[in-house]
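**Q**
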Amino acid sequence: VKPASCEPQSLSSQGGEHSDQSLVFADLTPEEMGQVVRYLQRSLGVPLVDAYNANSSDNCIYYIDVQLPTKAEVLGFLDRGGRQPPRQALAVVYFGNQPDPNVTEYVVGPLPKPTTHQDITVQKYGGKLPYHRRPVLGKEYEQIEIFLRKKAFSTAPTFLRQVFNYDGTNFVSLTSAPRGFQSGDRNTWCALFHNVSGYFLHPVGLEVLVDHSSLDVSQWRVRKVFYSGQYYGDLVQLESEFNQGHVKVDPVMRAPPDGGFSSMKPRAAPRAPFPLQYEPHGPRYSVRNNQVVSPAWSFAFGVNVNTGMRLFDIRFKGERIVYEISVQDATSVYGSNCPGGMSTRYMDGSFGIGRFTYPLVRGVDCPYSATYVDTHYLAQSPNPRINKNSICIFEQNTGSPLRRHYSNLQSLYYGGLTNSALVLRSVATLGNYDYVWDFIFYQNGAIEAKVQATGYLSSSFLYGDGLDYGNRVGDHTLGTVHTHSINYKVDLDVGGRSLGDVSFSLFCASHLLRATGTMRIPARGSWSRENGQGSSLEMCVFFLHPSVARHRVGARVLLVLTTASPCDLGVVTVPQRASVSPV
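Rendered as structure tokens:
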């Protein structure tokens, strides 16, 4: 028997070849980012402050990312031998030091030596972007913390000392979003927690609404205070009421530095090592630049600084079936009987899903044998940043056969195929949540886009009727009810670009809720379904290649969406000119 070899296979043995054409989708290099920064600094005609240190009243570069060419331009280059589209960047600039403060978007190019910039703000949004809508910079968060610690808290020294044993260091705040519910608002609820490891699970019950709409920090003020079910005009009023004995106090023990029950330290060491993956002849895929090639699949990949992972030109056995699959946003809507929790509707793209795509740990986040790729971004800084080993690619055995049959009628035989899948993974940490983003490519032509949420719950202080809004996860901690929604963009090109219409309706039998709409599918292609696997925190999208046997034209297909509720059903009706691949 020939011994197993760990030598990597050649590209020819893997059944595919790399192409530099994939670079049309490539993220900006650190050198290109630097070129754009220097060009803007000398071309905009106004002083630009380092965004890391910029006040709201300054001009600064918020972020820079690649400006991808249009699909028509790309396909002309990839499929018809046309010229490669010029490489360009998108730059978002905060103009706070202007008579009319605003946010402006520029397309800068051509790279690597830019010579022009075009303001696309009005074309893209239909008008100027008001300055109060801008995402909060790190400097502004820092100034909110300083405002609370030095100005707001100083007006309630007796209350803070006697109730919380406050010493100036043992609080940390978690801010809510959006920052108001009327146009022009820039007010943020700051819920206070013990400053310990895993502080997300250690609320103290005090929440402060900060008005930071003014570009002059000295004009910021407290609009409202919440403690133990009661609202106060500010901390001065709370201090006065407390000194008069009118405040009901809910004593909270100070959490230990490691967080106690919120610590990520294992409670016990594993009894034996966990299983490991093994590639007897090395990986059956290869990665070069921004392209992955395997015996069945090839695709280009990248990371948008705001929205995260995106894949382009996905081909199955050489045939393009998807032009683009990309994450667009991750939103979460909360409920609580505390103001911070009840007003929270996070849109994580506004914080930067791609920016917070952090390094992966071998053997935990991905297999030891995976291929790891660095990512670069430029946001809130004049210099590019690197997140090392923040994308991994690996092939895994699914643990079940792709197909098999054991015959015991008339003749005895067995036939089966090992099932494996190629995985592209990244993990983005947005505050308390860690989102594990997977794009999974199967041997039968199916693609699965999946996200799993882990990390910490967002919590509120547990008091009164709090259990109507979630579950108790600590003596004074309410794990608040919430809903996650994940947005993907999917551009299918199965069988070409000619599209047909598919009407669909969704309903939940127990609540008799209905939703209808229209989605686009290729006239000779397959259809998609959305599916929640196992829990409401894990969501999937499946696409089937047309090589799978098709239903006859005009079929009606029943989908079971196994989310948190098994009653969720959907029906897809396929028009006469389209065909559909079964699940």
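In the UniProt record's numbering, the protein residues as written are 1 to 583. For every residue, glycine included, the Cβ atom is placed at its ideal position computed from N, Cα and C.
Closest to residue 117 by C-alpha separation, out of 364, 39, 402 and 432, would be which residue?
**A** Residue numbering aside, residue 117 sits at position 117 when the sequence shown is read from its first letter. Comparing Cα-Cα distances from residue 117 to each of 364, 39, 402 and 432, the minimum goes to 39.
**Q** Would you kindly work out how many angstroms separate the C-alpha atoms of residue 493 and residue 293, rounded to a whole number?
**A** As a first step, residue 493 must be located in the sequence shown, where it is residue number 493. As a first step, residue 293 must be located in the sequence shown, where it is residue number 293. So the two alpha carbons sit approximately 19 Å from each other.
**Q** Is residue 403 helix, strand or coil when you go by DSSP?
**A** By 1-based counting over the sequence shown, the position of residue 403 is 403. Here residue 403 sits in strand by DSSP.
**Q** Tell me which residue opens and which closes the beta strand (DSSP E) that residue 424 is part of.
**A** Residue 424 sits at position 424 when you count from the first residue of the sequence shown. Counting along the chain, the beta strand (DSSP E) containing residue 424 begins and ends at 420 to 430.
**Q** Between which residues of its own chain and residue 16 is the CB-CB distance below 7 Å, once the five residues before and five after are set aside?
**A** As a working note, residue 16 is residue 16 in the sequence shown. Excluding sequence neighbours, residue 16 sits near 293, 294, 295 and 298.
**Q** Checking 8 Å against the spacing of the C-beta atoms, do residue 349 and residue 379 come in under that value?
**A** Residue numbering aside, residue 349 sits at position 349 when the sequence shown is read from its first letter. Residue numbering aside, residue 379 sits at position 379 when the sequence shown is read from its first letter. No, the Cβ-Cβ distance between residue 349 and residue 379 is not below 8 Å.
**Q** Short of 7 Å in beta carbon distance, which residues of its chain neighbour residue 469, apart from the five on each side in sequence? Order them along the chain.
**A** Translated into positions along the sequence shown, residue 469 becomes position 469. Closer than 7 Å at the Cβ level, and outside the excluded window around residue 469, lie 335, 336, 337, 478, 480 and 481.
**Q** Tell me which residues share the same chain as residue 465 and place their Cβ nearer than 8 Å to its Cβ, disregarding the 5 neighbours each side in the sequence.
**A** Residue numbering aside, residue 465 sits at position 465 when the sequence shown is read from its first letter. Closer than 8 Å at Cβ, skipping near neighbours: 337.
**Q** Between the Cα of residue 356 and the Cα atoms of 203, 308 and 210, which residue gives the shortest distance?
**A** Counting from 1 along the sequence shown, the entry for residue 356 is found at position 356. Nearest C-alpha to residue 356: 308.
**Q** Using only the alpha-carbon positions, how far apart do residue 160 and residue 199 sit?
**A** Translated into positions along the sequence shown, residue 160 becomes position 160. Translated into positions along the sequence shown, residue 199 becomes position 199. Cα to Cα, residue 160 sits roughly 18 Å from residue 199.
**Q** Identify, in the order they occur along the chain, each residue of the same chain with its Cβ nearer than 8 Å to the Cβ of residue 320, setting aside the five sequence neighbours on each side.
**A** Walking along the sequence shown from the start, residue 320 turns up at place 320. Same-chain partners within the cutoff: 313, 314 and 493.
**Q** Do residue 194 and residue 204 come within 8 Å of each other at the CB atom, strictly closer than that value?
**A** Counted from its first residue, the sequence shown places residue 204 at position 204. Counted from its first residue, the sequence shown places residue 194 at position 194. Going by C-beta atoms, residue 204 is nearer than 8 Å to residue 194.
**Q** Is residue 485 helix, strand or coil by DSSP?
**A** Within the sequence shown, numbered from 1, the residue matching residue 485 stands at position 485. Residue state, collapsed to three classes: strand.
**Q** If you draw a straight line from the alpha carbon of residue 136 to that of residue 366, how long is it in whole angstroms?
**A** On the sequence shown, position 136 is the one that residue 136 refers to. On the sequence shown, position 366 is the one that residue 366 refers to. Each residue's Cα considered, the two are about 32 Å apart.
**Q** Does the beta-carbon distance from residue 451 to residue 373 come in below 8 Å?
**A** As a working note, residue 451 is residue 451 in the sequence shown. As a working note, residue 373 is residue 373 in the sequence shown. Against a cut-off of 8 Å, the Cβ pair of residue 373 and residue 451 comes out as no contact.
**Q** Consult DSSP for residue 280 and reduce its assignment to one of helix, strand or coil.
**A** Here the question's residue 280 lines up with position 280 in the sequence shown. The answer is strand: DSSP assigns residue 280 an E or B state.
**Q** Distance check for residue 190 and residue 180, CA to CA, integer angstroms please.
**A** To locate residue 180, count along the sequence shown from 1; it is residue 180. To locate residue 190, count along the sequence shown from 1; it is residue 190. When rounded, the distance between both Cα atoms is 13 Å.
**Q** To which residues of the same chain is residue 87 closer than 7 Å at the C-beta, ignoring the five residues directly before and after it?
**A** Start at 1 with the first residue of the sequence shown, and residue 87 comes out as number 87. 109, 110 and 111.
**Q** Give me the DSSP bridge partner(s) of residue 478.
**A** The residue given as residue 478 occupies position 478 in the sequence shown. Paired residues: 460 and 472.
**Q** Measure the C-alpha to C-alpha separation of residue 58 and residue 37 and round it to an integer number of angstroms.
**A** Here residue 58 is taken as the residue at index 58 of the sequence shown, counted from 1. Here residue 37 is taken as the residue at index 37 of the sequence shown, counted from 1. Looking at the two C-alpha atoms, the distance is approximately 16 Å.
**Q** Looking only at its chain, what residues have a beta carbon closer than 7 Å to the beta carbon of residue 73, apart from the 5 residues adjacent to it on each side?
**A** Reading the sequence shown from its first residue, position 73 is the one you call residue 73. Result list for residue 73: 85, in chain order.
**Q** Pull up the DSSP beta-bridge partners for residue 228, would you.
**A** Reading the sequence shown from its first residue, position 228 is the one you call residue 228. None, per the DSSP bridge assignment.
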